[in-house]
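Notes for the one structure printed next.
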Amino acid sequence: MSTQITLNDIGNAEDFLAAIEGTIKNFNDGDLVSGVIVQVDRDEVLLDIGYKTEGVIPARELSIRHDLDPSELVKVGDRVEALVLQKEDKEGRLILSKKRAQYEKAWTDIEGKKERDEVVTGTVIEVV
């Protein structure tokens, strides 16, 4: 049995357009977004962030370690935060960076500890 939908069920055209507009999220370069990983490939990871298309995290933007395969870092279903690098590529997808989101969070944490006169601890990962 199919259900019929009439124009009265969705209201007028303005109401319909307003409802659609209310579901579209607007993102800007530098925004932090959160989403669920829906696909892991060798060169990129797709992240569902509730946008019109998935966001793309290029493999080089997953971690400071470039020698790791994306499947060693994340898996489908993981919830991650990422920073918007570019609003849309030629396919209309957001280009994201998990690595830079981690930098932003770490820097905010360090600034907070400095303001509270707390000790910041860390690990040396490279000497130049």
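The opening position of the sequence shown corresponds to residue 7 in our numbering, with each subsequent residue numbered one higher.
Beta carbons are placed, not taken as given, at the ideal position from N, Cα and C, and that holds for glycine.
Keep in mind it's a predicted model, so treat the numbers as computed, not measured.
- Under the DSSP assignment, Asp73 falls outside any alpha helix (DSSP H); it carries neither an H nor an E label.
- If the five residues before and after Asp35 are omitted, its C-beta is found closer than 7 Å to the C-beta atoms of Val90, Leu91, Gln92, Lys93, all from its own chain and listed in chain order.
- Going by DSSP, Glu60 is part of no alpha helix (DSSP H) at all; its letter is neither H nor E.
- Between Asp75 and Glu50, the alpha-carbon positions lie close to 10 Å from each other.
- Counting only the Cα atoms, Val80 lies some 14 Å from Asp73.
- For Asp54, the CB contacts under 7 Å within the same chain, skipping 5 residues up- and downstream, are Gly41, Val42, Val44, Glu60 in chain order.
- The beta carbon of Val126 is closer than 8 Å to those of Ile116, Lys119, Lys120 in its chain, skipping five residues each way along the sequence.
- Distance from the CA of Lys58 to the CA of Glu132, rounded to the nearest whole angstrom, comes to 40 Å.
- Taking all protein chains in view, the Cβ of Lys105 is crowded by 16 or more other Cβ atoms within 10 Å, so the residue is classified as buried.
- About 7 Å separates the CB atoms of Ile63 and Ser103; that is less than 8 Å, so the two are in contact.
- Arg85: member of the beta strand (DSSP E) spanning 85-92, first to last residue.
- Burial state of Ala24 is exposed, judged by a 10 Å Cβ sphere holding fewer than 16 other Cβ atoms.
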